Amino acid sequence: MPSATWIQHSVIFTLKHEEGSEQERQFLEDGKAILSSIPVVRQFRVFRQVSPKNDYKFGFSMEFADQAAYESYNAHPLHTAFVAERWEKEVEAFLEIDYSEA
């Protein structure tokens, strides 16, 4: 992938927490606060599923200027800590999609 191409990173997921619980709300708020504070992250959004077509309930979506920014995000201490301390413990299932404009 050319380094000049921006990247859209989306992760759809279902949490282990009870739907509508304080733990669910806190995970979504913390995810947004922590991950959007990483300098290379642009346009961070949190989504809630509205379709019955799959079992995933939420989504995080963000953009990166290029491949280098995306790699910087993946290696950033805030991201790796969030994955280890929260994601791996609280997420039941997920699907990650990384794409750029065709």
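Residues 40 to 141 (my numbering) make up the sequence shown, in order.
The beta carbon of each residue, even a glycine, is placed where N, CA and C say it ideally should be.
The structure displayed is predicted, hence computed values, not measured ones.
Minimum C-alpha distance to K128 - residue among Q47, F66 and P116: A check of alpha carbon separations from K128 across Q47, F66 and P116 identifies F66 as the nearest.
Short Cβ contact (9 angstroms threshold) for L74 with F103: No, the pair does not count as a contact, with Cβ atoms beyond the cut-off.
Output yes or no for whether 9 angstroms exceeds the beta carbon distance between R87 and K96. Yes, the pair counts as a contact, with Cβ atoms nearer than the cut-off.
Sort out for me which residues DSSP pairs Q47 with in a bridge. Answer is E102 and Y138.
Whole-angstrom Cβ separation of I51 and G98, contact assumed at under 8 angstroms? Sure, about 5 angstroms apart at Cβ, within 8 angstroms.
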